[in-house]
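> There's a structure below that I have some questions on.
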Amino acid sequence: MMFRIGVDVGGTYTDLVATDESGRTVFAKSPSTPADQSLGVMAGLDELARRLNVSRADMLAATDRLVHGTTVATNALLERKGAKVALLTTEGHRDVVEMREGLKPDRYDLRSPPPAPLVPRELRFGVKERLRANGEVMIPLDATSLDDAIAGIRQSGAASVAVCFLHSYLNPVHELAAVERLRQALPDISISRSSDVLPQIKEYERVSTTIVNAYVEPIVRRYLTNLEARLTEAGFKGSLFVVLSHGGMAPVEEASRLAAGTVLSGPAGGMSGGRRCADLIGIADLVPFDMGGTSTDISLIAGGQASLSADGSLAGQRIALRSLDIASIAAGGGSIASVDTSRTLCVGPESAGSVPGPACYGNGGQAATVTDANVVLGYLDATAFMGGRRPLDRAASEAAVDRIAKAMDLSRIEAAAGIYRMINLNMADGIRLMTLRRGVDPRKFALLSFGGAAGLHAAEVARELEIKRIIVPTVASVLSAWGMLTSDLRYEISRTHYGAGRISADEVRELFAGLEQQAVGRMRSWFNGNIVIERSAEMRYGEQIFEIDVSLDGLDWNAADLVDRIEDRFHVRHEELYTYASRGQEVVFVNARIAAVGEVPRQNEGAREAAASGACSPRAARQAFLGGWREVPVYALDDLRPGHTLNGPAIIEAETTTVLVDTGDRVTVNPLGWLDISSR
Amino acid sequence: MSAKIDPITRSVVQHRLSSIVKEMGEAMLRTSYSQILNSSRDFSLAICDTDARLIAQADHLPVHVGALPWATIAVEERFKDIKPGDVILLNDPYHGGSHLPDVTVFVPVFADGKRLLWTIVRAHQSDIGGGTHGAYNPAATEIWQEGLRIPPIKLYDAGKLRDDLFDMLALNVRNPREFRGDLSAMLGAANLGERRLSRLFAEFGAPVVETAMEAILDATEQQTRAVVSTWKDGVFHGEAFLDDDGHGRSDIRIAAKVTKKGSDVEVDLSESDPQSTSFVNSSHANMQAAVAMAFAYLIDAEIPKNTGALRPLKVIAKQGTIVWADPGRPVTLCTSHPSNELVEAIVKALSASCPDRAMAGWSRRFRIAIQGEDPRSGKSFIWHLFQARPGGGASSGGDGWSSIGEWHSVGGLKFGSLEVAEVRFPLHFRTHEFRSGSGGDGQFRGGLGVSLDLVLETEKIAKGNTAGDGARHGPCGMLGGEDGQPHHYRLLSEGCEPRVLRTKEVGIELRPGDCLEVRSSGGGGWGPPEKRLAEARQRDREQGLTDVAAEQASS
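Chains as they are written, first to last, in my numbering: chain A, 1 to 680; chain B, 1001 to 1555.
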């Protein structure tokens, strides 16, 4: 027996999934251990082994690959618990990161002070050196000035250094020399070099990304090294891979080097899960909709592909590495409802979190949350929550919702329905903005509902967006860990094209050939299997500053009119995204980008469930508010078998989630045992 | 409340309206062609009704938004026969515009055959014809020297583009390609808004949406009045000065007499100095916008900035003064000056009424444009200074933001990448760092301006123009805080004495290798300096933010 294991460390739970070559899939959940996540991982592996009926040592010895999504970097950044970082940069330009290109978020808030940068000014050291815009040396790197800066870094006690000089993306000569000198002087210090982390034009994005990398690198490296040692000790002889923000995975050393690329490691697993779902059920256009307690992650899979974007930031820090385009909205089951001074109802962004949690948890929470509204509306069964292990306090929900009702001069049920409506609107708007940015029409997508809270809201969110189909997979509660098992290895590299005038076909070929050689070389050092190359280019019209990433896959690379064909792809994509193309206008080729993808052989995909042998019948019925009170049948998800169908209104309950099927909607249980809901 | 509607439906409609303008902004940001729009974000979006009431807006440039209802009035007065598919265009400051480079498009929204709303996009064009590139012409003494004037016109008639008209407009600007590109983006954004609003009407029915809109405005008014009524009553005075008009007049005074009573605020600007011969005059719409902007900064950030929020505010001004020029006067500088001074005078006046809300002075705008030839390509180039963003004012909330902008932009203008600028222009940004010592001292320190040394890597003589103010008067300190350092720009040319640049110059000769030494202003300080905590002063020293001696030694 040979196992593959996916491990997703979340805020509350560590999810684990094991599969074997027969297609058997086993899940386990174990509490996360934020202080040292590897403890929770090891405990989870114990539980997984127990469910497989083998010893942990035997299970690990028979595991050839363990894929890991980690929130170590994410948490370090959110909680500001990364390393003390110093910056070496071009003299006269040490404030780039604190200037934020002159932008400030809220236009009418003139009384909130500026945020503190990750590297305070006294730890930003200017070094005498300068390159020209074409990469030539203008002022040679001055050894004395560099040594002075290094002395300052030594004195400061910084544990990590970011090195970022102007125009280094074209010519890293000074950065390399500075790194060399740093290594000699401070052999134990961690170093992140901008021409290594993000060799691209635009200094703010490069310096910010490099600083984030320096900030999280020591903690990510320590954690992964530690985990690897524990696994080895426990008998694991296979490969440990880490999921990166772009959705591919990489070995431990690479994930440590590019630690800033792991900040979306967890949600990226969810996207892999989404893509796998799209594959399994044959729906190419899917909106993965992951609603949890405090936030909802949404993304898009269009034509079977997840899209990548370099526009990201986390905790106010710009990270310009390409990552999966995932929008996190502050809306979840714990989102708090409030009434402002104009008597307008707002839901979120504040959340009751898990402590104190919604009022109905009975942990002292007084605020009315979305979960409380769901209890009042009869969608959640107070006695059956978490399989009856955690009964909810219905009276507390009612009292909390009553406070909102009073402030708005509404009845309790009207207030609860209002809270339900507003949270759904927030989430629908998030999806709509995302589809607008991607230039696609949400109506042709299906909603993939997963995460504990999604099932109660998917139907109305779908209706807001005129989405006609909702899929609820049975693996919903561990979708990320499950998805990680199908991640491929991925290594991305990009280079900025410098040159006046239009790029030539030879320049394009040379640029990509160089990148390809480098990317394939790196991938080969990790992996023996099949390598696929993805090419894309970031381009823009003359004066624009936003580049569009355009796939160049499938182009005839030897065509004489290669550049015309590339530009044509750009015009087409621009029109898709923004409704117009300006053919005849100058197209600027900015960045060439290559991804080398190491295709990992798949195991047998989701085993089919036994088909239904009879009709399904509800286990109970209860009163729920659907525009008016109605008696609604309640089904257990465990009772539903492939081939079963039922019509809304209905409530379908499972141990960790509840699904609300609206009046007129029709549920079909598909061959995988998943719910396939078509809306009216 | 006058309008009867259930509060949930109102909340839902309000949410929808604000997400629609947000989507319009997203579309605009992504599709606009010129740098001034896609990078510097000098555009705004709004929804107004046919009574010219501001229903919703996206937080882009505050100075645009308060002006849009006045533009709507001009459109409503001009056209009585608006049809679906019409698109109206205008820019003239004497027909509801603010200044000529701000071009505004209006798309009507109909429901059940009745015209109810406008989606509006206003965007600053990189050129609009006239005596100088980019419309800022310090030499102008009448509006015809500032560029092309467009009263409300129909650019589309029932869905059909009047391309002869479009050709004429494009012919009158220096970069027709950009003009066409940006206008396409504006139309795209306005049409997107129209489609989304039509769906909103279809979903709820027009009467419900109309009632909801009334209720939203009423609720916002109530919310604003609740804030204002907590301020101290009284009659308060504030003033601010323009350095000069570039045509011989100095220290031009903007005077605000503000009467606060109950939940009402009356701003009387009548005592402001007479109008000027130059472009420092304000148009009427811009003056209204500047007053609205000052008021918006003082109420809560969360209050929607719609007509309801402005109902407690009454504005009195006199035509013929610097804040409201007679027809025909040049006004191009007005969105920054005297807007910045107007805001400062009003905030200063109200600092006695709501001291914890009154922030110290944000900066004034001092721009440079350079026109020359790039020796690398032999092509001509035009470059605008967006770098060296000046400092923001401190407030009761803490120290000011550094490198953030002026009263009228407040962190909404992005200066972009220096690396990209060096690729595109024959310029070398030798230094671009915080200007230590520029922030006004106080219990909370003003944000810092920026020191920029910019070297021209040209081979032929280039020409520079300046436009702006604030080289004499720094952003004001508030409640005992000190003023920020004013702007200080010099031209360093080999073999010549360094020359201080004035804020309104044309045809400055720039020789190859010349260095523009730009020192942008810091924000004003808030509260008495002796109240500043010792730890905060220690942090400032460690970070080199207040070391004036070092700065002088290095410059």
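Note that the Cβ used here is the ideal one computed from N, Cα and C, for glycine as well.
Does Ala1058/B pass the burial test, meaning 16 or more other C-beta atoms within 10 Å, or should it be called exposed?
For the purposes of this step, residue 1058/B is identified with residue 58 of the second sequence, where counting begins at 1. Buried, because 16 or more other Cβ atoms sit within 10 Å of the Cβ of Ala1058/B.
> Helix, strand or coil: how does DSSP classify His1408/B here?
Translated into positions along the second sequence, residue 1408/B becomes position 408. The answer is coil: DSSP assigns His1408/B none of H, G, I, E or B.
> What residues in the stretch 1102 to 1113 of chain B have a beta carbon less than 8 angstroms from any beta carbon of chain A?
Going along the stretch 1102 to 1113 of chain B in chain order, one finds no residue with a Cβ nearer than 8 angstroms to chain A.
> Kindly indicate if chain B contains any beta-carbon less than 8 angstroms away from that of Ile503/A.
Position 503 of the first sequence, counted from the start, is the residue given in the question as residue 503/A. No, its Cβ sits nowhere closer than 8 angstroms to a Cβ of chain B.
> Can you pull the DSSP bridge partners for Trp1324/B?
If you number the second sequence from 1, residue 1324/B lands on position 324. Its beta-bridge partners are Thr1321/B.
> If I follow the unbroken beta strand (DSSP E) through Trp1383/B, where does it start and stop?
The sequence position of residue 1383/B within the second sequence is 383, counting from 1. Here the beta strand (DSSP E) through Trp1383/B covers 1379 to 1384.
> Under a Cβ-count criterion, where at least 16 other Cβ atoms within 10 Å of its own Cβ denotes burial, should Val761/A be classed as buried or exposed?
Beyond the ends of chain A as shown, which are 1 and 680, falls residue 761/A; an answer cannot be given.
> Report yes if the CB atom of Leu66/A is closer than 8 angstroms to the CB atom of Leu244/A, and no otherwise.
Mapped onto the first sequence, residue 66/A falls at position 66. Mapped onto the first sequence, residue 244/A falls at position 244. Their beta carbons are not under 8 angstroms apart, which means Leu66/A does not touch Leu244/A by this criterion.
> Could you please give me the residues that DSSP links to Pro1355/B through a beta bridge?
What you label residue 1355/B is simply residue 355 of the second sequence in a count that begins at 1. DSSP lists no partner for Pro1355/B.
> Just to confirm, is the Cβ distance from Ala62/A to Met99/A under 8 angstroms?
Taking the first sequence and counting its residues from 1, the one referred to as residue 62/A is at position 62. Taking the first sequence and counting its residues from 1, the one referred to as residue 99/A is at position 99. Contact: no.
> Starting from the N-terminal side, write out each stretch of the beta strand (DSSP E) that is 3 residues or longer and does not extend beyond the stretch 593 to 680 of chain A.
For the stretch 593 to 680 of chain A, whole beta strand (DSSP E) runs of length 3 or above, ordered along the chain, are 620 to 625, 629 to 636, 645 to 647, 650 to 653, 658 to 661, 666 to 669, 675 to 678.
> Is the beta carbon of Arg107/A closer than 8 angstroms to that of Ser1568/B?
A question about residue 1568/B goes unanswered here, because the residues of chain B that appear run from 1001 up to 1555.
> At which residues does the beta strand (DSSP E) containing Asn1281/B begin and terminate?
Counted from its first residue, the second sequence places residue 1281/B at position 281. Neither: Asn1281/B is in no beta strand (DSSP E) and is coded neither H nor E.
> Contact defined as beta carbons within less than 8 angstroms: I believe Ala1056/B pairs with Ile1073/B. What is the distance between those atoms, to the nearest angstrom?
By one-based count along the second sequence, residue 1056/B stands at place 56. By one-based count along the second sequence, residue 1073/B stands at place 73. Contact flag wrong, Cβ pair sits at about 18 angstroms.
> Pull out every residue of the stretch 1404 to 1415 of chain B whose Cβ sits closer than 8 angstroms to any Cβ of chain A, in chain order.
The residues in question are Ile1404, Gly1405, Val1410, Gly1411, Gly1412, Leu1413, Lys1414, Phe1415.
> Based on the DSSP secondary-structure assignment, which residues constitute the bridge partners of Tyr13/A?
If you number the first sequence from 1, residue 13/A lands on position 13. The partner list for Tyr13/A (beta bridge, DSSP) reads Pro31/A.
> Helix, strand or coil: how does DSSP classify His1064/B here?
Stepping through the second sequence from its first residue, residue 1064/B is reached at position 64. Three-state DSSP puts His1064/B in a helix.
> Let me check understanding here. Comparing Cα to Cα, which of Thr486/A, Leu380/A, Pro649/A lies closest to Gly452/A?
Numbered from its first residue, the first sequence carries residue 452/A at position 452. Nearest option by C-alpha distance: Leu380/A.
> Tell me the DSSP secondary structure of Glu1373/B in three-state form.
On the second sequence, position 373 is the one that residue 1373/B refers to. Glu1373/B falls in the strand class under three-state DSSP.
> Under 8 angstroms: do the stretch 353 to 372 of chain A and the stretch 411 to 429 of chain A share three or more Cβ pairs, one atom per stretch?
Judged by Cβ distances under 8 angstroms, the stretch 353 to 372 of chain A makes contact with the stretch 411 to 429 of chain A, as three or more pairs qualify.
> So, helix, strand or coil for Met249/A, using DSSP?
On the first sequence, position 249 is the one that residue 249/A refers to. Residue state, collapsed to three classes: strand.
> Whole alpha helix (DSSP H) runs in the stretch 1010 to 1095 of chain B with 4 or more residues, listed along the chain?
Runs found: 1035 to 1038, 1062 to 1065, 1068 to 1078.
> Listing by chain order, which chain A residues have their CB less than 9 angstroms from the CB of Asp1399/B?
The residue given as residue 1399/B occupies position 399 in the second sequence. The contacting residues are Pro113, Pro114.
> Taking 8 angstroms as the CB-CB cut-off, is Gln1485/B touching chain A?
Along the second sequence, one-based indexing puts residue 1485/B at 485. No, no contact with chain A.
> Going along the chain, which residues of its own chain have a beta-carbon closer than 8 angstroms to the beta-carbon of Leu308/A, five neighbours each way excluded?
Translated into the one-based positions of the first sequence, residue 308/A becomes position 308. So the qualifying residues of the chain are His246, Gly247, Arg322, Ser323, Leu324, Asp325, Asp549.
> How would you write the range of the alpha helix (DSSP H) that Tyr215/A sits in, first residue to last?
Here residue 215/A corresponds to residue number 215 of the first sequence, with the count starting at 1. Start and end: 203 to 233.
> What do you reckon, are the CB atoms on Arg1010/B and Thr1050/B nearer than 8 angstroms?
On the second sequence, residue 1010/B is found 10 positions in, with the first residue counted as 1. On the second sequence, residue 1050/B is found 50 positions in, with the first residue counted as 1. No, they are not a contact pair.
> Would Val1423/B and Tyr498/A be called neighbours here (beta carbons separated by less than 8 angstroms)?
Residue mapping note: residue 1423/B aligns to position 423 of the second sequence, counting from 1. Residue mapping note: residue 498/A aligns to position 498 of the first sequence, counting from 1. In contact: Val1423/B and Tyr498/A (Cβ atoms closer than 8 angstroms).
> Can you look up Asp1558/B in the DSSP assignment and give me helix, strand or coil?
As displayed, chain B neither begins before 1001 nor continues past 1555, which places residue 1558/B out of reach and without an answer.
> Examine chain A for any beta-carbon lying closer than 8 angstroms to the beta-carbon of Ser1554/B, and answer yes or no.
Here the question's residue 1554/B lines up with position 554 in the second sequence. Note that Ser1554/B scores a pLDDT of 44, beneath 50, so its modelled location is shaky and nothing firm can be said.
> With distances taken between CB atoms, is the gap from Arg687/A to Val472/A smaller than 8 angstroms?
Residue 687/A cannot be examined here, being either before or after the span of chain A that is shown, 1 to 680.
> Return the chain-ordered ranges of every alpha helix (DSSP H) run that is complete within the stretch 524 to 600 of chain A and spans a minimum of 4 residues.
Those alpha helix (DSSP H) runs which fall completely within the stretch 524 to 600 of chain A and span 4+ residues are 562 to 578.
> Which residues, in chain order, does the stretch 543 to 560 of chain A contribute to contact with chain B at a C-beta distance below 7 angstroms?
Per Cβ criterion, the list reads Glu543, Gln544, Ile545, Phe546.
> Could one say the Cβ of Glu350/A lies closer than 8 angstroms to chain B's Cβ atoms, at least one of them?
To locate residue 350/A, count along the first sequence from 1; it is residue 350. For Glu350/A, the answer is no, since every Cβ of chain B falls outside 8 angstroms of its Cβ.
> Mind listing the chain B neighbours of His93/A? Cutoff is C-beta to C-beta under 9 angstroms, in chain order.
Translated into the one-based positions of the first sequence, residue 93/A becomes position 93. Within chain B, the residues near His93/A are Leu1418, Phe1429, Thr1431, His1432, Glu1433.
> Is there contact here, the stretch 1080 to 1094 of chain B with the stretch 1151 to 1167 of chain B, by at least three beta-carbon pairs under 8 angstroms?
Flag = yes, the stretch 1080 to 1094 of chain B and the stretch 1151 to 1167 of chain B touch.
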